[in-house]
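Residue numbers (my numbering), protein chains in the order written: chain A, 1 to 337; chain B, 338 to 674; chain C, 675 to 1011; chain D, 1012 to 1348. From the three backbone atoms N, C-alpha and C, an ideal C-beta is built for every residue, glycine too. Accompanying notes for the structure given below.
Protein chains: 4
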Amino acid sequence: MKIRVGILGATGYTGLELIKLLLRHPQAEVAVVTSRRDDEPPLAETHPELTGRLDLPLLNLSPEEVCRRCDCIFACLPHGAAAESVATCLNADRPVIDFSADFRLKDAAVYAHWYGLEHAAPQHLPGAVYGLCELYKPQLTTARLVANPGCYPTAAILPLAPLLRAELIERDGIIIDAKSGVSGAGRTPKLVTHFPECNESISAYNVGKHRHTPEIEQELSAAAGEPVRVVFAPHLVPMDRGILATIYARPTRPLTKQDVLAAMREGYQGCPFIRVVDHLPATRHVAHTNFCDMTAEVVGETLVMFAAIDNLIKGASGAAVQNFNIMFGMEETTALL
Amino acid sequence: MKIRVGILGATGYTGLELIKLLLRHPQAEVAVVTSRRDDEPPLAETHPELTGRLDLPLLNLSPEEVCRRCDCIFACLPHGAAAESVATCLNADRPVIDFSADFRLKDAAVYAHWYGLEHAAPQHLPGAVYGLCELYKPQLTTARLVANPGCYPTAAILPLAPLLRAELIERDGIIIDAKSGVSGAGRTPKLVTHFPECNESISAYNVGKHRHTPEIEQELSAAAGEPVRVVFAPHLVPMDRGILATIYARPTRPLTKQDVLAAMREGYQGCPFIRVVDHLPATRHVAHTNFCDMTAEVVGETLVMFAAIDNLIKGASGAAVQNFNIMFGMEETTALL
Amino acid sequence: MKIRVGILGATGYTGLELIKLLLRHPQAEVAVVTSRRDDEPPLAETHPELTGRLDLPLLNLSPEEVCRRCDCIFACLPHGAAAESVATCLNADRPVIDFSADFRLKDAAVYAHWYGLEHAAPQHLPGAVYGLCELYKPQLTTARLVANPGCYPTAAILPLAPLLRAELIERDGIIIDAKSGVSGAGRTPKLVTHFPECNESISAYNVGKHRHTPEIEQELSAAAGEPVRVVFAPHLVPMDRGILATIYARPTRPLTKQDVLAAMREGYQGCPFIRVVDHLPATRHVAHTNFCDMTAEVVGETLVMFAAIDNLIKGASGAAVQNFNIMFGMEETTALL
Amino acid sequence: MKIRVGILGATGYTGLELIKLLLRHPQAEVAVVTSRRDDEPPLAETHPELTGRLDLPLLNLSPEEVCRRCDCIFACLPHGAAAESVATCLNADRPVIDFSADFRLKDAAVYAHWYGLEHAAPQHLPGAVYGLCELYKPQLTTARLVANPGCYPTAAILPLAPLLRAELIERDGIIIDAKSGVSGAGRTPKLVTHFPECNESISAYNVGKHRHTPEIEQELSAAAGEPVRVVFAPHLVPMDRGILATIYARPTRPLTKQDVLAAMREGYQGCPFIRVVDHLPATRHVAHTNFCDMTAEVVGETLVMFAAIDNLIKGASGAAVQNFNIMFGMEETTALL
């Protein structure tokens, strides 16, 4: 018996990548896909990639109805819209993996501040597990609600967490200069992601104001055991996929590159998708995979870390499947290698 | 005294390229730029490229008002919207270079068929000159209304016209397989031009239905002296700029490559922007220029022609400036080399 | 017991894609990978994508030695270099899937003409099976030497073969305007594939002279039962992957689009990787998959066909794995969905 | 009488851009172009962009011979090769604008350390003027040897120099995270700039080791009046052109964004190519121009600066023409707007 999966909001890029991964999953069956519009064509018209592979309608179903037909829910809804639907699914006793930001921040006030919204289901915040598998695997095995991490936070937290935990770097002065492909901006056309605007160009955006900032700071603070503030500067790169985070920090004591790589390797023992490498990683090396490649260089008195992921896989849908695997007691790498 | 230029509809890519060219023009002054919206920021906010170079507001002015302030009008409005504004300017005795399709087709019924619109100013069709400078230079010197050619028609007509005129190729069976950069689709964001949709992909669109088809057929028929029908298959290529037209035709008699190049060269004697070359042209060679590079190859019994242009320059704004130069008796290449 | 696979020449893009596919194959084990150079670093340094996934050295082994260690050979060597190695493997009684052009052309004289080389193992030409699974599946089940098709031929032959076989299109006057991503040119740096040369540009190359021409003509002639000659015009598109073939032909009798799609569907019943679609396919829809999407449009008296593939998967490594599956009696889709 | 210009080493991208600019220059004539190879085709075969625009052979002439035919020399040779040729031209009493790194570093020992070469003409180092026009305009008016700045240094120094001079930022802890298009790597094909390797990917390279580091530090030290060390992390971005430098520094006292912009504006009064803007600049805004767009944001206790240039124009050939204009007493903007 396969696990029947329902996907709330399957018209975007994370929905498409999730479906493609689940089609390879021997224990999962994509049973229901929804849209919040009534007039959607069949799924394979929205995503021609799926022609002949998954013949499902895109229905505007209530979360209750989806829960009746499914054993597990992946919610690919925008923040704000997600909270209520997720709560409904939890009430129907279905485990949920939520792609939105709605359950990532532990503090509803921080959420309200950054997202400009009162949280619609704060009662579920305490039970939500932040779905960065490499940090929260024990909690994920019993989780009912997983807050799937943001793409930038995944690339930023993974290299920093073990170094902060080991007190190898200072908690202040951390700078995260992140570069993302355009699919990270979603599938809704906007001027800034119109091909002739963003092709052949690079620029920063939302510097110091990006909503992934509090998520990064929350998790780095947890790793450090004390509050951590960062400078987070995201950039838009003319490519579909991939995030490269270049991270600058001050060591607490003189460190060599090999010291740092050793700390990374120790922090991620038994983590099948973390590759600590000697070379400077390119996003190409991890494109269409669930891997995170990371390394470090020491330049004068500054430690420079690099982490590369595919924003749609390790930064979204791959991590979600990894969480799904852990929650259901399956091999962590199923459908991901 | 410079010629005061008014640009109707300056928020798009052709408007921007036109302004950049005119800023180099010693006899022109961009005096007025308009938008059809009331709430536009200054021009240099819409086009940050123009910061410090042209400090003008984007005003929602009537064509009458623009005519009061200007000596010559460039209309960069969508088809349908253009016809009436152009007529107003002509009534105000201002010469107009119209970027839209509204005055390209001689036959209002053909226009109505392809554009699904009754023509708003058919009285001006007879006087309009099709602004392909290489074919209509004599008429352009006295024109009051120039219908600036479409980008695809420019690339398709230029290599074919001299060969049809010289009766070197058959009038039937002409196939135009054209490849365009994305800026040809304009500046309004749509799903099909959303970066993650069109990057790393090529596809055909509107095959046999593209509105540039009747324009191509009209001008090829004029060159041939008899009706010409073509198969026109446009493709979207993941690049900003450039059109490459690959054109297949049957020779009327055995021809060598050099025969064809000689006919092209003879057809374009004294045309400063036509470059008949021996190699296969790349759009890169003409990017950001007003050149059209063309060549031909004979493959078995088929003649294959190639023409490369920059869709925004030779395919739009550069051609417009070339027309402007000719209309005002200036050196044809002014601001274009 | 898994089938031990040896890959001759694993440093290029087809080698990399082949390895990635085989890592997902439950019945295959990549046992040996070779290079023709002595000083290669380990495989995962040449292909950082494989870090932590396949820990093998790149050895300069003789084909004999590879045959001793393996049950099946994939030869990813250049044409000319392949023939002799393949012959050695066959003599060692190992089945071979050859990626090169060396065994695709049935006639050694045609090979000599187009490749400028005397064939090094013409005795194996009669036994070689052209590995286009959709056309030669019965022969492939017992093949010992499979000539894996070229990327362009795959995209050109697949839509045309059923229509020629059904005599729906004329055998003369077929035009194939093909557009390929840059990975089709291989991994050796050249000026023409240097990023600043081919990015933001499109151009044709080798028109009428490309070595895939005789391969296309051989297979179309086989389908038609009489000699077929084509005009083949390949173009280089600024993207990594994908081929779109736009094909023009004259119908033998009046046809509708649905007539043509019906003939395509009938021709490919039971073929899991052929998707006959109503829309115009984009290479994006088949990227990183083994699918071939095809459709047709009727424009006046011309039939226009479109086929999209991933040049490295369906056009090379995916087809090779599909052939491998068929040869070894496994499910045709194994490791390919 | 025009100034006859000789270009040593005209086969690369900076040579091509230089020629295109000089073709617009009313007081310059490109008289001689050289290559260090004997078998070059004519210039317009190497650069098809120049077809019909400049009909010159590419000759392997000695610098002496070039000096006999020209009034001013632009040397576009690699470092190491440039020093001797430049010295020869100076001895022949010709002013030289050198694109290489050979005369940028004041200290021959620093040069030897970073470039692994003994300097071939150290006697000319004291007289060389660092050609960053915005900083050295007075010296440039009388210079005989201009060391044209590197592309990264231009983008890094311009925003920092006025702030260091005004003591608004600390001299230590400056981090320069720079992102460059691929043309910055030159025209010689290498694996790292092979299209399928660098397209759809971003990565850092030469972090802490890039040869532009000492050049940046030399000029920032000059601005600060005391030694400055930086962390310089260059990245390769999948686009042709453009550099974006994102620079992190600590203010010496609390600053607002407007304080910083005011200091930048004051530092560059009368500089026609510096645009201090409020928005975050994109490289697209300055592509194909000689502008440098810069701005700043304050994030917590960190000042983040942004500067965007076209690496081939303001970062190379445009700056060279600007220097040429200043050296010859012409309008600084000639041929550059």
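Distance, residue j Cα to residue i Cα
i           : j           : result
Val-740(C)  : Leu-158(A)  : 41 Å
Val-483(B)  : Thr-383(B)  : 27 Å
Thr-530(B)  : Val-972(C)  : 26 Å
Ile-1349(D) : Gly-1142(D) : The requested residue 1349(D) is not part of the displayed model; chain D covers only 1012 to 1348.
Val-675(B)  : Ala-783(C)  : The structure shown does not extend to residue 675(B), since chain B spans only 338 to 674, so no value can be given for it.
Glu-170(A)  : Val-369(B)  : 56 Å
Asp-635(C)  : Phe-1206(D) : The question about residue 635(C) has no answer here: the residues shown for chain C are numbered 675 through 1011.
Met-1341(D) : Asp-293(A)  : 53 Å
Ser-1096(D) : Pro-1074(D) : 6 Å
His-547(B)  : Gly-453(B)  : 13 Å
Ala-633(B)  : Gly-579(B)  : 19 Å
Arg-1080(D) : Leu-724(C)  : 56 Å
Asn-648(B)  : Leu-398(B)  : 28 Å
Gly-545(B)  : Cys-763(C)  : 51 Å
Asn-1159(D) : Leu-1116(D) : 11 Å
Leu-954(C)  : Ala-233(A)  : 40 Å
Tyr-1082(D) : Arg-1015(D) : Sequence check: residue 1082(D) is Asp here, not Tyr. Straight-line Cα distance between these residues: approximately 5 Å.
Under 7 Å from the C-beta of residue i: neighbouring residues of chain A
i           : result
Ser-520(B)  : Pro-196
Ser-1212(D) : Met-239, Gly-242, Ala-282, Thr-283 and Arg-284
Glu-1308(D) : Val-207 and Gly-208
Three-state secondary structure (DSSP) of residue i
i           : result
Ile-202(A)  : coil
Phe-998(C)  : helix
Glu-1178(D) : coil
Val-1407(D) : Not covered by the structure: residue 1407(D). The range shown for chain D is 1012 to 1348.
Lys-179(A)  : strand
Thr-589(B)  : coil
Ala-644(B)  : strand
Thr-154(A)  : helix
Arg-678(C)  : strand
Phe-273(A)  : coil
Nearest-angstrom Cβ-Cβ length linking residue i and residue j, presumed shorter than 8 Å
i           : j          : result
Asn-964(C)  : Leu-814(C) : Wrong, their Cβ atoms sit about 15 Å apart, outside the cutoff.
His-461(B)  : Ala-424(B) : 6 Å
Ile-356(B)  : Leu-396(B) : Actually they are not in contact, since the Cβ atoms of Ile-356(B) and Leu-396(B) sit about 15 Å apart, beyond 8 Å.
Ile-553(B)  : Pro-490(B) : 5 Å
Tyr-542(B)  : Leu-581(B) : In fact, because the Cβ distance is near 16 Å, the residues do not count as touching under 8 Å.
Ala-480(B)  : Met-664(B) : 6 Å
Lys-1201(D) : Pro-800(C) : Incorrect: roughly 43 Å between the Cβ atoms, too far for contact.
Interface residues of chain D facing residue i [CB-CB closer than 8 Å]
i          : result
Leu-674(B) : Leu-1034, Arg-1035 and Arg-1064
Partners in chain C for residue i, counting only beta-carbon separations shorter than 7 Å
i           : result
Arg-548(B)  : By Cβ distance, chain C contributes nothing, its closest Cβ being about 15 Å from Arg-548(B), past 7 Å.
Asp-514(B)  : Asp-851 and Thr-920
Tyr-1024(D) : Pro-870
Ala-570(B)  : Thr-920 and Val-978
Closer than 7 Å at the beta carbon, the chain D residues around residue i
i          : result
His-616(B) : Pro-1059
Arg-612(B) : Thr-1062 and Gly-1063
Listed by chain order, chain B residues near residue i by CB distance under 9 Å
i          : result
Lys-190(A) : Pro-526 and His-531
Contacts of residue i in chain C (Cβ-Cβ under 8 Å)
i          : result
His-288(A) : His-962
Partner residues on chain B for residue i, Cβ-Cβ distance less than 8 Å
i          : result
Tyr-115(A) : By Cβ distance, chain B contributes nothing, its closest Cβ being about 24 Å from Tyr-115(A), past 8 Å.
With three or more C-beta pairs closer than 8 Å as the rule, is the stretch 345 to 362 of chain B touching the stretch 643 to 658 of chain B? The answer is yes - the stretch 345 to 362 of chain B touches the stretch 643 to 658 of chain B, with three or more Cβ pairs under 8 Å.
With a cut-off of 8 Å, do at least 3 Cβ pairs link the stretch 595 to 602 of chain B to the stretch 497 to 505 of chain B? The stretch 595 to 602 of chain B vs the stretch 497 to 505 of chain B: in contact.
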